[in-house]
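One structure below.
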Amino acid sequence: MKTIIAKADTGREEVFALAGTILKKGGLVAFPTETVYGLGGDALRADAAHKIYRAKGRPSDNPLIVHIADTGSVYELASGVPKEAELLMEAFWPGPLTIIFHKKQIVPDTTTGGLDTVAVRMPAHPAALKLIRDSGICIAAPSANLSGRPSPTTARHVIEDMNGRIDMILDGGPVGIGIESTIVDMTEEIPTILRPGYISPGQIEALLGNVRLDPALEHPEALLRPKAPGMKYTHYAPRGELTIVEGKTDRVVEEINRLTDAHEAQGHVTAVICGTENRYRYHSAHVLDAGSRSHDITVSSALYRLLRECDTLGAEYIYSESFIDGEMGYAIMNRLMKAAGHRIINVEEDRI
Ligand code: TXA
Ligand code: MG
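Below, the structure is given as structure tokens:
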């Protein structure tokens, strides 16, 4: 299949008209959002959902998020929309928050991976909103990566994974946030966060007075079954062995240098992921700057790009600093820990 690649400037009516035609025929269009690029198809067509799973190489028990452009669409897709969900919609949409509702019959089981609930979000990206509005379609879209690879944060990443597999890619440049939306399940008695993201548990609690985290997020070692099926996959992982090193900065730098020196002495390729602040303190041949800790959205927006870069470099041993401290620390570390298969060295504890 020849994939059409086009710049997603919202002034280019002909580009959006073509993308809309493709979606209406059941085809697939990748598009930018404020979090990561999505791989879109008509959410109400089972055949389009099948095509999405095939293009990604994704297990079809992993449900898709339905993207909408006005809140009215929620009532077409979902039943029993609670008051608290309406508060969330008002406060955070358009934006990086996905809400789980009970689904209506109109949403095919293929889109929801057989679940009787549906995930809905209104993205805060002009090209995404225009695509949804102009096509008149609710767009089911997972992240536009091949299953097992980090989510795409630039059109280049989408091209790497999807060229020749889908009909069209809309290039909107690098995304702003860089990690996927927060998912909150409003079908539970207590609103439950299934996936952390830019919208923090604190922000949701401030609005609703009550929120809890899916226990599987808090205790990954207990091998609990996460309620968002996609959270059980060890995606994001680079091919090399990634380890997080945490503790006091000087000791972290010392330990990472000791480890990479040893690996490099044996002829292995190493890489280090660090904050700009420590950029020049590492010995590794590949020091990957994740951005400044004082502005941790630069870290979230860089993370997946750096994990992909580790593969391009052929890095066999990768060490990353911890990024828990900033406002997005919890969400960033959720992704980084998964990428590291929860391999952590704590330099403070090691001393004891
Ligand atoms: O930021 C985002 O949410 C991006 C952009 C493209 O919008 N999309 C995204 O989709 O991350 P995806 O498919 O990569 O992740 C969707 C997650 C999966 O973990 C899936 O299991 C979960 O949402 N999910 C979807 N529907 C669900 C449902 N009904 N109940 C529980 N989890 C659900
Ligand atoms: Mg994904």
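In this text, residue positions in the sequence shown follow the numbering used here: the first is 960, and each later residue adds one.
C-beta atoms are modelled at their ideal positions from N, C-alpha and C, and glycine is treated no differently.
Buried or exposed: residue i, going by 16 or more other Cβ atoms within 10 Å of its Cβ?
i	result
M960	exposed
L1046	exposed
P1053	buried
H1301	exposed
G1123	exposed
T1321	Summary: the structure shown does not reach residue 1321, with the chain confined to residues 960 through 1311, and so no result is reported for it.
P1018	exposed
K966	exposed
R1108	buried
Y1239	exposed
H1178	exposed
T1229	buried
If I measure Cβ to Cβ from residue i and keep anything under 7 Å in the same chain, skipping five residues before and after, which residues do I get?
i	result
G1206	N1305, V1306 and E1307
R1294	I1138, Y1195 and L1262
What are the residues that DSSP puts in a beta bridge with residue i?
i	result
R1154	I1142
L1176	None; L1176 has no bridge partner.
A1261	Looking at the DSSP assignment, A1261 forms no beta bridge with any residue, so it has no partner.
H1061	S1038 and T1076
C1269	Bridge partners of C1269: none, in fact.
A965	L1129
L1201	I1277
S1102	G997
F990	G997
H1026	R1080 and I1098
L1056	T1141
N1305	E1205
Enumerate in chain order the residues of its own chain whose CB-to-CB distance from residue i is below 6 Å, with the five nearest sequence positions on each side excluded.
i	result
E1043	L1167
I1142	T1057, L1153, R1154 and A1187
P1150	V1143, L1167 and V1170
A1087	F990 and T992
Our contact map puts residue i next to residue j with C-beta atoms below 8 Å; I'd like the distance itself, whole angstroms only.
i	j	result
S1259	A1290	7 Å
H1227	Y1276	6 Å
D1173	P1160	In fact, because the Cβ distance is near 11 Å, the residues do not count as touching under 8 Å.
P1140	T994	Note that residue 1140 is Ser in the sequence shown here, rather than Pro. Indeed they touch by this definition, with Cβ atoms about 5 Å apart.
L1129	F1282	About 30 Å; that fails the 8 Å criterion.
M1296	I1203	7 Å
I963	M1127	4 Å
E1286	D1255	6 Å
T1039	L1105	First, the amino acid is wrong: residue 1039 is Gly here, not Thr. Incorrect: roughly 36 Å between the Cβ atoms, too far for contact.
P1041	L1074	Contact flag wrong, Cβ pair sits at about 18 Å.
G1156	P1055	5 Å
With a cut-off of 8 Å, does the C-beta of residue i fall near any C-beta of chain C?
i	result
K983	No chain C is part of this structure, which consists of one protein chain only.
Among the residues of its own chain, which have a CB less than 8 Å from the CB of residue i, if the five just before and after it don't count?
i	result
L1036	A1002, V1025, I1027, F1060, K1062, K1063, I1065, V1066, V1077, V1079 and C1097
G1288	D1255 and F1282
Shorter than 7 Å, the distance from the beta carbon of residue i to the closest heavy atom of the ligand PLP, or not?
i	result
M1048	The ligand PLP is absent from the structure shown, which contains only the ligand TXA and the ligand MG.
Exercise. Given 8 Å as the limit, is there contact between the segment 1081-1101 and the segment 1114-1128, that is, 3 or more CB pairs closer than that?
Worked result: no
Exercise. Do the segment 1060-1071 and the segment 1001-1012 touch if we need at least three Cβ pairs shorter than 8 Å?
Worked result: yes
Exercise. Does the segment 1245-1252 come close enough to the segment 1219-1235 to have 3 or more Cβ pairs within less than 8 Å?
Worked result: Pairwise C-beta distances place the segment 1245-1252 in contact with the segment 1219-1235, as three or more of them are shorter than 8 Å.
For this session: Give a yes or no on contact between the segment 1159-1177 and the segment 1252-1271, applying the rule of three or more CB pairs nearer than 8 Å.
Result: no
Problem set entry | the segment 1133-1150 in contact with the segment 976-986 per 3-pair CB rule at 8 Å | no
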